[in-house]
Amino acid sequence: MAAKPMQLPRRGLPLSDISTFLRRWGALLALALLILFNLAFTPHFATTQTLAINLTQVAVVMVVGVGMTLVIATGGIDLSVGSLMAIAGALSPMIFTGQLFPVPNLYVGIALGIVLPVLVAGMFGYFNGWLITRFSIQPIIATLVLFIAGRGIAQVWTNGDLQVFKVPEFQQIAIGRLLGIPFQVWIMAVIVIAATWTLRKTVFGRQVLAIGGNEAAARLAGVPVRRVKTLVYVISGLCSGIAGIIVIAMNSAADANLIGLGVELDAIAAVAVGGTLLTGGRATILGTLIGALIIQLVRYTLLANGVPDSAALIVKAGLIILAVWLQRQDRA
Amino acid sequence: MTSIATFRGATREIRFPQGLGVVLLLLALVAFGGWRYDGFLGSYNVLSVLRYSSMFALVSLGMCFVIMTGGIDLSVGSVAALGSVVSAILSPYGLLPGLAGGVLVGAAAGAINGLVITRLKILPFIATLAVMLAASGTALLLAGNQSVSVSYDTAFMTLGQGDLLAPLKPEWIDAEDAGWLAGPLGILFDFPTPAWIALAAYVLGVIVMRWRAFGRHVLAVGGGEEAALLMGLPVGRTIFAVYLISGSLAGLAGVILAAQFGAGQPVEGAGWELFAIASVVVGGTLLTGGKGSIVATLVGSLLLGLIYTILNFENGMGWISLSAYWQSVVRGAFLLVVVMVQASFVKNTRN
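Those protein sequence lines, which keep their order, are chains A and R. As numbered in our numbering, the first sequence has no gaps in its residue numbers, which increase by one up to the final residue, 333. As numbered in our numbering, the second sequence has no gaps in its residue numbers, which increase by one up to the final residue, 363.
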């Protein structure tokens, strides 16, 4: 299939063509319709409580989704994100409670307990990138290795035990608020803005899209393909690490068996619904955010109106197929 | 994902040396286990490994067909779970309704995969991911979020726990002076029913791949879809068929799961797809499609099952205390070694 020339964001709305309009803005329209539906039918929807619940739930998927968007933009995939979340999440309490090495004071411990696990997750991301670029192993298989082994590593460290901790200073990450908005939502916002800027304005962002569009052509054009591809997996690993820290701060406990379980599917779904091409070459971080919000809001809508969680899964499946099918129409 | 690479692989079955490599590895592991552990080669252990491995072997067989066309089926685990729930619900009506129900619901899920992939032109990865979600949602709905007990009144349980030839077993085999033939023959008569089912499926699979046009179509589609289209091969039908096969086998594995554990398990199949992919990869089949071996996939799934057993024995002996968590680390490391060896092999043959 021919690579699509890179599209610059158009400014005006192509109102002349309704189907083009739907494809470009369909996700946003769906989100708007969902919100309107909820305002009309779901009791207690328009409360700050509801907003906070939905935003905090979406933050974890979204932080992972940013890394996933970059990976998918290069034409790859990262199945290991959930396991890397578990690794970072299991490691963090071991550090700030002083189990691994003595920490001089609580704040230094917390700082190390945030920075080191995120770096470790980034290193595992580097390992993924190394396998993919050095041995030309397909991303789905290379990241499958850590998908299987990564959670095991976290479980071996913790012996599979639940680590409960009571460190309010650390839990501020998830529980604290700034201007009434939970702190983890701010973290998500910063990461989303930074990634959007990187993808749109930096050389690295152009290189990511160029590799996804046509790797051979990008190599011939002088793009350092190996380095850029490795870096996106490192970024995905770092994002997973941050998400892992957020999850344990939310639960005030770390359970290596459960942290990030199935998150790779949610992240991939958000990327797909958001309009990033799964074959690479075109990516939108804001689209992923909209995708994650849609998926979260659909689930919330169904649950709030008494539909069981299992039925919500079926709806989610239909949604993914619909979104990707619409995406395909755009390419055809 | 890689459209250029697929043209490089010749459309043929893998024989020497990759296929031989895994067989040797399997034999080496069996020899190691027999040397190190008492009872490792005893009929009890061998038969229980076979009984347990047959579910994974069935799922891996379907996955092998799918991967040979260059696709992937992430839905097999939750389709198996759905199959186990449906067959458990139908088990009070007897063996056949339980069996048919599980297989048919698997086939239906496979057909949806196939239709979405061929008609809507959606990447297999995404289509099967969606069906994975939908199947596990349906299984949870049908089962009411808990496991469904299987009826013990009917013959359904023999599908998982029975031994097909046991009623035919002559009495002299168990006698003291039965001679050297008694051992192997005894194993034959004690061969568990699920292992017979898996064996039959693999024999059918080999026949289809070697001697039927469909097998060549599968390899041709995986080797280069556009080329296969230009040659006038029924590409769409072939792709639809492999997902139908994969779904049906996953449903069948679910039936065996329900019959073996006495309950339909809506959440059991999580991670099976990765086990199946690993078996296929360990068997030397390339994920880009166009090449593959059914027999090597069987060997691959036995290998992974054997590693699991060896770890259990190692635990039982108390030499090292390998928690259950180590097993996934070891399994991941094993997959890593295999894909790295495979990758360097592919590189060398290209150069």
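Backbone N, C-alpha and C define an ideal beta-carbon position, used for all residues, glycine too.
If you draw a straight line from the Cα of A151/R to the Cα of L286/R, it comes to about 20 angstroms.
Residue state for P204/R is assigned as strand, using DSSP reduced to three classes.
With contacts defined by Cβ atoms closer than 8 angstroms, Q139/A and L261/R do not form a contacting pair. Looking from the CA of V294/R, the closest CA among G302/R, I209/R and I306/R belongs to I306/R.
A distance below 8 angstroms between beta-carbons, with the five flanking residues on each side excluded, links A119/R to the following residues of its chain, in chain order: L256, G259, S260 and G263.
Chain-ordered, the chain A residues with CB closer than 9 angstroms to the CB of W338/R read G153, Q156 and V157. At a cut-off of 4 residues, the continuous stretches assigned as alpha helix (DSSP H) that sit fully inside the stretch 85-131 of chain R are 88-102 and 107-131. Interface annotation, I251/R: not in contact with chain A, CB-CB separation never under 8 angstroms. It is roughly 10 angstroms from the alpha-carbon of Q208/A to the alpha-carbon of G282/A. Annotated as distal: I243/A and V59/A, with beta-carbon spacing of 8 angstroms or more. Runs of the alpha helix (DSSP H) lying entirely within the stretch 130-162 of chain A, each at least 4 residues long, are 140-159 in chain order. As a beta-bridge residue in DSSP terms, D256/A pairs with L163/A. Assignment of S93/A by DSSP, reduced to helix, strand and coil, places it in the helix class. Here L179/A carries a strand assignment [DSSP, helix/strand/coil]. With fewer than 16 other CB atoms across the displayed protein chains lying within 10 angstroms of its CB, P169/A is exposed. Going by DSSP, A282/R is part of no alpha helix (DSSP H) at all; its letter is neither H nor E. In the DSSP assignment, A211/A falls within the unbroken alpha helix (DSSP H) covering V204 to G214. At least one C-beta of chain R is nearer than 8 angstroms to the C-beta of Q139/A.
In the structure shown, S161/R adopts extended strand secondary structure according to DSSP, grouped into three states.
Of the residues V316/A, I286/A and T285/A, the one whose Cα lies closest to the Cα of I296/A is V316/A.
Taken through DSSP and simplified to helix, strand or coil, D175/R comes out as strand.
By the neighbour-count criterion, in which 16 or more other beta carbons inside 10 Å mark a residue as buried, D267/A falls on the buried side. Taking a beta-carbon distance threshold of 8 angstroms, K317/A counts as an interface residue toward chain R. Counting only residues of its own chain and dropping the five nearest sequence neighbours on each side, Y301/A has a CB closer than 7 angstroms to the CB of N55. L152, L153 and N157: these are the residues of the stretch 152-176 of chain R whose beta carbon lies less than 8 angstroms from some beta carbon of chain A, given in chain order. Of E326/R, L347/R and I129/R, the smallest CA-CA separation from Y49/R is found for E326/R. Where P136/R is concerned, the enclosing alpha helix (DSSP H) starts and stops at P136 to A155.
For M67/R, the enclosing alpha helix (DSSP H) covers residues S55 to M80.
M243/R and G227/R have their C-alpha atoms roughly 16 angstroms apart.
Taking 7 angstroms as the Cβ-Cβ cut-off, the stretch 111-136 of chain R approaches chain A at V128, L132, K133, I134 and L135, given in chain order.
Distances from the CA of V264/A to each of A175/A, M86/A, A53/A and P105/A were compared; the closest alpha carbon is that of M86/A. Proximity of V209/A to chain R, defined by a Cβ-Cβ separation below 8 angstroms, is not satisfied. Listed by position along chain R, the residues whose Cβ is nearer than 9 angstroms to that of V146/A are G344, A345, L347, L348 and V351. At a cut-off of 8 angstroms, the C-beta of T150/R has a neighbouring C-beta in chain A. Of the other Cβ atoms in all chains shown, 16 or more fall within 10 Å of the Cβ of F346/R; this residue is therefore buried. Per the coordinates, the alpha-carbon of Y164/R lies some 12 angstroms from the alpha-carbon of L102/R.
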